[in-house]
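K.L.:
First, the structure itself, so that you have it in front of you.
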Amino acid sequence: MTSDIPRPPDHMSPEEFRRNGHAMIDWVANYLQTADDFPVFSQVEPGEVAAMIPDAASEAGEPFEALLRDLDDVVMPGITHWQSPNWFAYFPANTSPPSILAELASAGLGVQGMLWSTSPAATEIESKVLDWLVDMMELPQSWKSTGPGGGVIQMSASDSTHAVLVVARHRNRERGHAEDMVVYASTQAHSSVAKGCTVAGIGHVREIAVDDTWAMRPDALRKAVEADLADGLLPIAVVSVVGTTGTTAVDPVSGIADVASEHNLWHHVDAAYAGNAMVCEEFRHHIKGVDRVDSYTFNPHKWMMVNFDCNVLWVADRVPLIETLSVLPPYLVNKATESGAVIDYRDWHVPLGRRFRALKLWWVIRSYGISGIQALIRSHVVLAGSLADRIVSDDRFDLFAPHPFGLVCFTHRGGNDTTSALADALNNSGKVAVTPSTLDGTAYIRVVVGQARTTSHHVDELWNLIDALAPSVSR
Ligand SMILES: *Cc1c(COP(=O)(O)O)cnc(C)c1O
């Protein structure tokens, strides 16, 4: 009888897995060494990758060699090379050898860390490493897992911001309807704030005016809150951004904290990119007042050599977060949870299941050391400064915004069309990737020095390209 039960194929055998695994590591090592040989942006047309893939899955299994071959033939043409040292677009999304190896170990263990008891190491390493980061970045001690607060790894900064906006709504549920609630952020805040309000069902998002450095004006925030109160609305939260996506503007956390405490607003800080710089003491003045906020998020997956996904959220007080997101169905009841002695991270975010992402953060910090990460950040900021100096001293260009971190924004004096054409020419060269953007009707070019392998050589080459492609200013 049992012989009729189909047996799942033994694919791969341990020997094959070992052999294929070695081949795969060789492939990745080779890729990282040669990432700069490819045109930075993928050159495929829409549908080109899909056209290389059969319309249906094959009935019989295929050997690994076929999969690896298609990695080169099918996948690589459609890859945009975020790991190229000539990557100056968006913000970086760095990986690194220790991070890759940790992902491999995590995949091999294949654990699902929703509860402490479903893999105690996943939870305890996460708490411990996020406590390390509190010290590494001189953040409030109360955010440690040993205090009233605590940290949790999420998939993205957007998830963290969405989650805290749900908390802000929940803790105000007895004061009014969600449709009457208002969340505040500057005109320059990330789109995740507006999306988070949609997720949380919050009725209103107010865009607050900025000053001439594109940073939120606390006086304008206070006026907006007072006007909403006068209209019978219910202000519940404000999001400060440290390092906006457009220009890395820095909202004044301390001034915003004053307004937040006057009006009992949940104060969330989005430091998705710039938060990484806080590992270096000289950038910490940008988050002055952070000891008075309710939550804070940053992305090691942007600038700390931990590959996507790895976002960190800290809360100053974990109780409202857990109260909002904890649901305990009978099949998750267990002794450790009941003892109250452990953290169950499933209560700290929207999903239930969670990957063992702490491992890669732990391995990256241990591999490079605090000094290695500081050196990376500092080298990028110095290189960005040297690029800005060249831009300033060339009469074709103007800087468009201050450059407190690794992002340099500039315009061509020929105007919007010339600036946009220059950005297109840079990207079409295949040699670099930059980001064209606009703000208040002005076209500008965003250049982020932040890829882990970018050196002065790559920034010099970028400048030579800008110099060669930019027309002179007609008089
Ligand atoms: C990149 C960025 C985000 C979004 O990060 P994800 O992790 O992709 O959600 C949010 N806020 C700011 C300021 C950013 O720069």
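Okay, so the sequence shown: first residue is -5 according to my numbering, each after it adds one.
We put the beta carbon where it would ideally sit given N, CA and C, even for glycine.
In this text the structure is predicted, and so the values were computed from the model without any measurement.
1) Quick one: is LYS282 buried, meaning 16 or more other Cβ sit within 10 Å of its Cβ, or exposed?
2) Rounding to the nearest angstrom, what Cα-Cα distance links PRO430 and VAL123 in this structure?
3) For GLY15, collect the residues of the same chain with a Cβ closer than 7 Å to its Cβ; drop the 5 residues on either side in sequence, then sort them by chain order.
4) Starting from LEU326, trace the alpha helix (DSSP H) in both directions and tell me its first and last residue.
5) Does SER180 come out as helix, strand or coil in the three-state DSSP assignment?
6) CB-CB under 6 Å to PHE394, same chain, minus the five flanking residues each way: which ones, in chain order?
7) Helix, strand or coil for THR291, going by three-state DSSP, please let me know.
8) How would you write the range of the beta strand (DSSP E) that TRP457 sits in, first residue to last?
9) Identify which residue in SER373, SER100, VAL38 has its Cα closest to the Cα of TRP356.
10) Cα separation between SER186 and THR155?
11) Please state the DSSP three-state secondary structure of CYS304.
12) Run through the DSSP bridge pairs and tell me what SER234 is partnered with.
13) For the beta strand (DSSP E) holding VAL253, just list the boundary residues, first then last.
14) To which residues of the same chain is ILE364 closer than 7 Å at the C-beta, ignoring the five residues directly before and after it?
15) Should LEU61 be labelled buried (16 or more other beta-carbon atoms within 10 Å of its own) or exposed?
16) How is the alpha helix (DSSP H) around HIS372 delimited, first residue to last?
17) Give me the residue from GLY143, GLY102, ALA116, LEU228 with the minimum Cα distance to GLU168.
18) Which one of ALA243, GLY249, TRP81, PHE399 has the shortest CA to CA distance from HIS184?
19) THR89: which of THR318, SER7, LYS296, SER289 sits nearest, CA to CA?
20) Would you please state the rounded distance, in angstroms, between the beta carbons of PRO212 and GLY240? I believe it to be under 8 Å.
21) Take ASN270 as the anchor and find which of TRP110, LEU133, PHE11 has the nearest alpha-carbon.
22) When DSSP builds the beta bridges, which residues end up paired with CYS403?
23) Could you give the first and the last residue of the continuous alpha helix (DSSP H) run that contains VAL22?
24) Does the segment 440 to 454 come into contact with the segment 47 to 58, if we say contact requires no fewer than three beta-carbon pairs (one atom in each stretch) closer than 8 Å?
25) If we ignore side chains and look at the alpha-carbon of each, how far apart do ALA427 and PHE11 end up?
26) How many angstroms separate the CA atom of LEU377 from the CA atom of GLY424?
27) On a CA-only basis, which of ASN410, LEU353, VAL443 is nearest GLY104? Give me that one, please.
28) How should TYR325 be labelled, buried or exposed, when 16 other C-beta atoms within 10 angstroms of its C-beta is the threshold for buried?
29) If we ignore side chains and look at the alpha-carbon of each, how far apart do ALA265 and ASP67 end up?
30) Beta-carbon within less than 7 Å of ALA151's beta-carbon, same chain only, minus the 5 sequence neighbours each way: which residues are those?
31) Should the segment 369 to 384 be regarded as contacting the segment 453 to 460, the criterion being three or more beta carbon pairs within less than 8 Å?
32) What residue range does the alpha helix (DSSP H) around SER136 cover?
33) Assuming VAL309 and SER289 make a contact with CB atoms under 8 Å, what is their CB distance in whole Å?
34) For the putative contact between ASP245 and SER234, defined by C-beta atoms under 8 Å, what is the C-beta separation to the nearest angstrom?
35) Look up ALA427 in the DSSP assignment and give the residues it is bridged to.
36) Run the CB neighbour count on PRO8, radius 10 Å, all protein chains shown included, and call it buried at 16 or more, exposed below.
P.N.:
Once the coordinates are examined:
1) Taking the sequence shown and counting its residues from 1, one reaches residue 282 at position 288. With fewer than 16 other Cβ atoms within 10 Å, it is exposed.
2) What you label residue 430 is simply residue 436 of the sequence shown in a count that begins at 1. What you label residue 123 is simply residue 129 of the sequence shown in a count that begins at 1. Going from the Cα of PRO430 to the Cα of VAL123 covers about 37 Å.
3) On the sequence shown, residue 15 is found 21 positions in, with the first residue counted as 1. Nothing meets the Cβ criterion.
4) Position 332 of the sequence shown, counted from the first residue, corresponds to residue 326. First-last for LEU326: undefined, no H or E at that position.
5) The count along the sequence shown starts at 1 and reaches residue 180 at position 186. Looking at SER180 - three-state DSSP - the assignment turns out to be strand.
6) Sequence index remark: in the sequence shown, residue 394 carries index 400 (1-based). CYS403, PHE404, THR405, TYR438, listed in sequence order.
7) Reading the sequence shown from its first residue, position 297 is the one you call residue 291. Three-state result, THR291: strand.
8) Taking the first residue of the sequence shown as position 1, residue 457 is located at position 463. Element bounds for TRP457: not the beta strand (DSSP E) but the alpha helix (DSSP H), 450 to 463.
9) Along the sequence shown, one-based indexing puts residue 356 at 362. Of the candidates SER373, SER100, VAL38, the one whose C-alpha sits nearest the C-alpha of TRP356 is SER100.
10) The count along the sequence shown starts at 1 and reaches residue 186 at position 192. The count along the sequence shown starts at 1 and reaches residue 155 at position 161. Approximately 7 Å, taken between the alpha carbons.
11) For the purposes of this step, residue 304 is taken as residue 310 along the sequence shown, with counting starting at 1. CYS304 falls in the coil class under three-state DSSP.
12) Here residue 234 refers to the residue found at position 240 when the sequence shown is read from its first residue. Beta-bridge pairing links SER234 to VAL263.
13) Counted from its first residue, the sequence shown places residue 253 at position 259. First-last for VAL253: 247 to 256, but that is the alpha helix (DSSP H), not the beta strand (DSSP E).
14) Taking the sequence shown and counting its residues from 1, the one referred to as residue 364 is at position 370. Closer than 7 Å at the Cβ level, and outside the excluded window around ILE364, lie MET130, VAL273.
15) Indexing the sequence shown from 1 puts residue 61 at position 67. With fewer than 16 other Cβ atoms within 10 Å, it is exposed.
16) Here residue 372 corresponds to residue number 378 of the sequence shown, with the count starting at 1. For the record, residue 372 in the displayed sequence is Arg; it is not His. From DSSP, the alpha helix (DSSP H) with ARG372 extends over 352 to 386.
17) What you label residue 168 is simply residue 174 of the sequence shown in a count that begins at 1. Of the listed residues, the one whose Cα sits closest to GLU168 is LEU228.
18) To locate residue 184, count along the sequence shown from 1; it is residue 190. Selected option, being the one with the closest Cα: ALA243.
19) Residue 89 sits at position 95 when you count from the first residue of the sequence shown. Of the listed residues, the one whose Cα sits closest to THR89 is LYS296.
20) The sequence position of residue 212 within the sequence shown is 218, counting from 1. The sequence position of residue 240 within the sequence shown is 246, counting from 1. About 20 Å separates the two Cβ atoms, so there is no contact after all.
21) Counted from its first residue, the sequence shown places residue 270 at position 276. Minimum Cα distance to ASN270 is reached at LEU133.
22) As a working note, residue 403 is residue 409 in the sequence shown. The partner list for CYS403 (beta bridge, DSSP) reads ARG440.
23) As a working note, residue 22 is residue 28 in the sequence shown. Run containing VAL22: 8 to 28, per the alpha helix (DSSP H) assignment.
24) no
25) Within the sequence shown, residue 427 is the residue found at index 433, counting from 1. Within the sequence shown, residue 11 is the residue found at index 17, counting from 1. ALA427 and PHE11: Cα-Cα distance of roughly 37 Å.
26) Counting from 1 along the sequence shown, the entry for residue 377 is found at position 383. Counting from 1 along the sequence shown, the entry for residue 424 is found at position 430. So the two alpha carbons sit approximately 21 Å from each other.
27) Residue mapping note: residue 104 aligns to position 110 of the sequence shown, counting from 1. That would be LEU353, whose Cα lies nearest to the Cα of GLY104.
28) Indexing the sequence shown from 1 puts residue 325 at position 331. TYR325 comes out exposed.
29) On the sequence shown, position 271 is the one that residue 265 refers to. On the sequence shown, position 73 is the one that residue 67 refers to. Cα to Cα, the separation comes out at about 38 Å.
30) Against the sequence shown, residue 151 aligns to sequence position 157. Same-chain partners within the cutoff: SER186, ASP264, ALA266, THR291, ASN293, ASN305.
31) yes
32) Here the question's residue 136 lines up with position 142 in the sequence shown. Note, SER136: premise wrong, no alpha helix (DSSP H); not H, not E.
33) Looking up residue 309 in the sequence shown gives position 315. Looking up residue 289 in the sequence shown gives position 295. That belief holds up - the Cβ atoms of VAL309 and SER289 are roughly 5 Å apart, short of 8 Å.
34) In the sequence shown, residue 245 corresponds to position 251, counting from 1. In the sequence shown, residue 234 corresponds to position 240, counting from 1. So it is a contact: roughly 4 Å between Cβ atoms.
35) Against the sequence shown, residue 427 aligns to sequence position 433. BP columns for ALA427 point to TRP81.
36) Position 14 of the sequence shown, counted from the first residue, corresponds to residue 8. It counts as exposed.
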